[in-house]
Amino acid sequence: MPAISSSAPGKAILVGEHAVVYGQPAIAVPVEQVRARAIARAAPGRAAGTIRIAAPAIGLDSLLDDLLPDHPLAAAVHAVLRELEIGHPLAFDLRVTSTIPLAAGLGSGAAVSVAVIRAVAEFLGRRLADEQVSRLAFEVEKLHHGTPSGIDNTVIAYARPVYFERGSPVNRVETIPVACSFSLAIGDTGVPSPTSISVGDVRRGWQARPEHFERLFRAIGELVRRARQSIEGGDLEDLGECMDLDHALLVEMGVSSPELDRLVAAARLAGVLGAKLSGGGRGGNMIALAGEGKAGLIGQALLDAGASRVIITTVRASTASFATGERMKEEENEDADSGG
Ligand code: PMV
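Residue numbers (numbering that gives the first Met the number 0): 0 to 339.
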């Protein structure tokens, strides 16, 4: 039996982070330059049902049965076995690797889950629909982050630009046509920042000053709708302005940091169309929308300003679009934190 390999991209949130947890829309794009990969290979010498998981980057090499059920890798494998109603699969080895930085707002956890879910399902002879993959990855996200919006697993499972709105029980997921290709320079502050912390702080802020925070969430939602029109209409100047305004609102929300602000300022000085933090904030990555042919220059300006790493990615023009309602089973626990 041949080994089955599956990989999934990282992601960047273009506009709408944090407000998306509170029901506003957000737009995210895949980042193909960094990927998580999972390889499933038969282990014919072992008893049926024994699954070994190796993830060298985190020093893991263990049998599935020896891992706690809420370990993210174990949870992803269990989710597939449950979905396919398979109790004792053929013995296999699963190897997981990733080039996506951890706790940096690039979706590493969701990408690992998506790669594992697809590799295991295919190894067991089933190809899951993107929607199914996204739903299973969301189950894993919830275990660790409480109330994630679902945007990470969605954009990574579909691997296309998505307009996402959390709903209960059905999320709105639309892949959006891109009228004109655009490039992003993604600058890493090098400061690890678990999303659960900034999401928790925003929740506490919202509980203390609901009107203030709801005004910010609504203003961000408006920008996301405007940004979508800019992407569909090919107006990159306007998209850049939406990103700048979004960053200002995120600063007001308290989720930026001196390092993020420094990279955003350096990008603007180098002549971007727009720049903002991306993801949970406080550290992790920022993104800059580069005018045509300028991404390399902007990337260099970010490195000069102290970025620990720069990724240049291009979102290609495409006419394809579709919409779906995704049922995500998000009944519980409005008080828990989210994370990434
Ligand atoms: O840090 P990331 O990329 O996982 O971003 C999370 C985005 C938030 O809106 C802050 C949280 C969420 O669950 O959507």
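Glycine included, each C-beta is placed from N, C-alpha and C at the ideal position.
Whether residue i touches residue j by CB criterion (8 Å)
i	j	result
residue 78	residue 172	no
residue 112	residue 56	no
residue 278	residue 104	yes
residue 187	residue 90	no
residue 230	residue 271	no
residue 192	residue 280	yes
residue 51	residue 4	no
residue 85	residue 34	no
residue 162	residue 26	yes
residue 201	residue 252	yes
residue 30	residue 175	no
residue 290	residue 311	no
residue 155	residue 8	yes
residue 22	residue 219	no
Pairwise C-alpha distance: residue j and residue i
i	j	result
residue 1	residue 232	45 Å
residue 181	residue 44	50 Å
residue 164	residue 12	13 Å
residue 119	residue 142	20 Å
residue 183	residue 67	39 Å
residue 69	residue 63	11 Å
residue 24	residue 293	29 Å
residue 213	residue 222	14 Å
residue 269	residue 94	42 Å
residue 350	residue 127	Outside the shown range of the chain, which is 0 to 339, sits residue 350, and nothing can be said about it.
Three-state class that DSSP yields for residue i in the structure shown
i	result
residue 32	strand
residue 46	coil
residue 82	helix
residue 180	coil
residue 277	strand
residue 62	strand
residue 14	strand
residue 291	coil
residue 77	helix
residue 115	helix
residue 8	strand
residue 345	Limits of the chain in this structure are 0 at one end and 339 at the other, which puts residue 345 out of reach.
residue 89	coil
residue 234	coil
residue 318	coil
Inter-residue CB distance, residue i and residue j (contact presumed, cutoff 8 Å)
i	j	result
residue 354	residue 54	The displayed coordinates of the chain run from 0 to 339. Any statement about residue 354 would go beyond what the structure contains.
residue 301	residue 266	6 Å
residue 178	residue 316	6 Å
Starting from the N-terminal side, write out each stretch of the alpha helix (DSSP H) that is 4 residues or longer and does not extend beyond the stretch 120-165. 129-144, 150-157
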